[in-house]
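*Asks:* All residue numbers for the sequence shown refer to our numbering, where the first residue is 5 and numbers rise by one. Have a look at this one.
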Amino acid sequence: MPVDRKSGPMDDQGGVRERLARHGVLPLRLFLGVTFLYAGLDKFLTGGPFSSVDRDAMRSMLEFGRDGSAAPWLVDLALENAGPALTGVAVAEIAVGVLLLLGVLTRPAALVGAALALGFWLTVSWGTSPYYFGNDLPYAVGFLTLALTGAGAFSVDAARATRRAASR
5 MPVDRKSGPM
15 DDQGGVRERL
25 ARHGVLPLRL
35 FLGVTFLYAG
45 LDKFLTGGPF
55 SSVDRDAMRS
65 MLEFGRDGSA
75 APWLVDLALE
85 NAGPALTGVA
95 VAEIAVGVLL
105 LLGVLTRPAA
115 LVGAALALGF
125 WLTVSWGTSP
135 YYFGNDLPYA
145 VGFLTLALTG
155 AGAFSVDAAR
165 ATRRAASR
């Protein structure tokens with residue numbers, strides 16, 4: 005079967021490649037949405053070290069990693085405002101998770117998620133060596149990918165875009 009440069013072997017099925025491309029970021033969006041929703045809810049629903057009510061555990065963790073952090077000033081800011089910082093992070097994680105799962109305001113939500121993950125990387129995971137053992141940097145890259153691509157298929161954002169295009 006000859007393959008031309010514009011359509012490839014998968015396109016003889018009625019645009020399979022284009023349909024797959026629209027669905028390509030769906031697994032990433034769902035994974036990040038579920039993960040951040042779970043992380044945020046977990047802070048409110050458990051009594052573990054990441055609990056929004058266990059500020060002492062958070063302080064201990066931050067103080068332990070402060071000297072090896074890339075942004076000690078950010079650690080100091082979190083330590084000075086432990087309650088609001090921890091609650092704010094939990095609420096932001098829940099909001100980002102819900103927005104991503106629904107595919108609503110995906111790009112702004114992904115930018116907030118990237119900022120959170122980057123903040124975690126600079127403060128908590130920075131000292132992890134080698135760097136690929138830390139998990140916050142890959143989350144930041146995943147969020148940046150969503151910020152660049154948008155929600156993709158099966159999202160409120162896509163439905164809105166389709167409606168706008170149809171009304172023109």
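Built from N, CA and C at the ideal position, the CB exists for glycine as well. Predicted, not measured: the structure shown is a model, and the values here were computed from it.
Provide the residue span of the alpha helix (DSSP H) that contains P88, from first to last.
*Replies:* Counting along the chain, the alpha helix (DSSP H) containing P88 begins and ends at 86 to 106.
*Asks:* Do you know offhand how far M5's Cα is from R23's?
*Replies:* Since pLDDT at M5 reaches only 48, below the 50 mark, its modelled position is unreliable, and the value read off the structure follows with that caveat. So the two alpha carbons sit approximately 21 Å from each other.
*Asks:* For G28, which residues of its own chain have a beta-carbon under 7 Å away from its beta-carbon, when the five flanking residues on both sides are left out?
*Replies:* Result list for G28: G156, in chain order.
*Asks:* Note down, in chain order, each residue of its chain lying with its Cβ closer than 6 Å to the Cβ of A89, except the 5 sequence neighbours on either side.
*Replies:* Cβ neighbours of A89 beyond the five flanking positions: A82.
*Asks:* Three-state secondary structure (DSSP) at G131?
*Replies:* Coil, per DSSP.
*Asks:* Roughly how many angstroms separate the alpha carbons of G19 and P134, rounded to a whole number?
*Replies:* Cα-Cα distance, rounded: 42 Å.
*Asks:* Would you mind reading off the limits of the alpha helix (DSSP H) that contains G123?
*Replies:* From DSSP, the alpha helix (DSSP H) with G123 extends over 110 to 124.
*Asks:* Do L104 and G146 have their CB atoms nearer than 7 Å?
*Replies:* In this structure, G146 does not lie closer than 7 Å to L104 by Cβ.
*Asks:* For P31 and G123, I'd like the C-alpha separation in whole angstroms.
*Replies:* Distance between the alpha carbons of P31 and G123: 24 Å.
*Asks:* Please determine, among T110, R63, R70, K47, the residue with the shortest C-alpha to C-alpha distance to A151.
*Replies:* Ranking T110, R63, R70, K47 by Cα distance to A151 puts T110 first.
*Asks:* Could you check how far apart the C-beta atoms of L78 and L148 are, in whole angstroms? I think they sit under 8 Å.
*Replies:* In fact, because the Cβ distance is near 19 Å, the residues do not count as touching under 8 Å.
*Asks:* By how many angstroms is the C-alpha of R63 removed from the C-alpha of A162?
*Replies:* Taking the straight line from one Cα to the other gives about 41 Å.
*Asks:* For the alpha helix (DSSP H) that R70 lies in, which residues bound it at each end?
*Replies:* R70 -> no alpha helix (DSSP H), and no H or E assigned at all.
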